[in-house]
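K.L.:
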Amino acid sequence: MSVFISVAFYFIGTGLYTFYKTHPSSLDITMQQGDAIFPYFMMSQMPAGVAGLLIAAIFAATMSTISSNINSVSTAFSVDFIQRFRPSIKDSTLLRVARWTCIVSGLMGLGIALLMATWDIASLLDYFNTILGLLTSGLGGLFVMAVFFPRIKGRAALTGFIAGELVVFLMYLYTDVNFFLFGATGIVVSVLVALAVSPLPAPPLGECSKASDHDKV
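One gets our numbering by counting positions in the sequence shown from 1 and adding 203 to each.
1) In the DSSP assignment, the alpha helix (DSSP H) including residue 222 goes from what residue to what residue?
2) Since residue 231 contacts residue 243 with CB under 8 Å, what's their CB separation in whole angstroms?
3) Measure the alpha-carbon distance for residue 273 versus residue 295 and round it to whole angstroms.
4) Checking 7 Å against the spacing of the C-beta atoms, do residue 367 and residue 347 come in under that value?
5) Suppose you measure from the CA of residue 326 to the CA of residue 291; what does that come to, to the nearest Å?
6) Counting Cβ pairs closer than 8 Å, one from the region 376-388 and one from the region 333-345, do we hit at least three?
7) Identify which residue in 205, 237, 342 has its Cα closest to the Cα of residue 216.
8) For residue 394 versus residue 359, is the C-beta distance shorter than 7 Å?
9) At which residue ranges does the region 344-389 contain complete alpha helix (DSSP H) runs of 4 or more residues, listed in the order of the chain?
10) In this structure, how does DSSP classify residue 315 when only helix, strand and coil are distinguished?
11) Is residue 254 near residue 266, with beta carbons less than 7 Å apart?
12) Within the same chain, show all residues whose beta-carbon is closer than 7 Å to that of residue 300, passing over the 5 residues directly before and after it, in chain order.
13) Which runs of the alpha helix (DSSP H) at least 4 residues long sit entirely within the region 218-284? Give them in chain order.
14) Take residue 304 and list the residues in its own chain whose beta-carbon comes closer than 7 Å to its own, dropping the five residues that flank it on each side.
15) Rounding to the nearest angstrom, what Cα-Cα distance links residue 287 and residue 270 in this structure?
16) Below 8 Å on the Cβ atoms is my guess for residue 389 versus residue 341; work out the distance and round it to an integer in Å.
17) Beta-carbon within less than 7 Å of residue 240's beta-carbon, same chain only, minus the 5 sequence neighbours each way: which residues are those?
Next comes the structure, spelled out in structure tokens:
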């Protein structure tokens, strides 16, 4: 689905480029960030009612995305960490931990957003995709290992994950590779390294017996 969403975003950008290319007098030449051109178009070119609906839709989509992310962080922290290391914890206490995790993660996200607003970022979408490729390519590799390579166990999977993340960060620091290749590179490297360090699957019990009998003879 991310492919279709990205295509829709780029169609919007293409439409805005075409509009301001044919109507250059409508463009604010003092605009410093390209990401501001879409809200500027809504405020300056659309009727008041339509612009209000679009802004409300953007806020609603943002709120739904942020709420699901905060809920995921809270669930992962309370269930995968707190409950795992404290199996006897009460449900009421676990719920309180989850609520506080929501508050803390929300405040952290707000702080990072305010900090990013002060950075000189030409395209927030490209920056987001870069961070996504850097941080989640190894995670995608873990999913591929779990689904398609059952012989890869925990330590080998962790080794592959670290190797994939390391390669992607080195690509980011020392090459000019497009950020769209980060995800694919991290997944491929993670899986290949994990396969390389994984022990070969043990032969079936019957074959072991035959080999043992042959050695005796």
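Glycine included, each C-beta is placed from N, C-alpha and C at the ideal position.
P.N.:
In short, the structure shows the following:
1) 205-225
2) A Cβ-Cβ separation of about 6 Å places residue 231 in contact with residue 243 under the 8 Å criterion.
3) 19 Å
4) no
5) The alpha-carbon atoms of residue 326 and residue 291 are separated by roughly 47 Å.
6) yes
7) 237
8) no
9) 357-377
10) helix
11) Contact: no.
12) 281, 285
13) 240-248, 251-278
14) 276, 277, 280, 281
15) Taking the straight line joining both Cα atoms gives about 24 Å.
16) 5 Å
17) 219, 234
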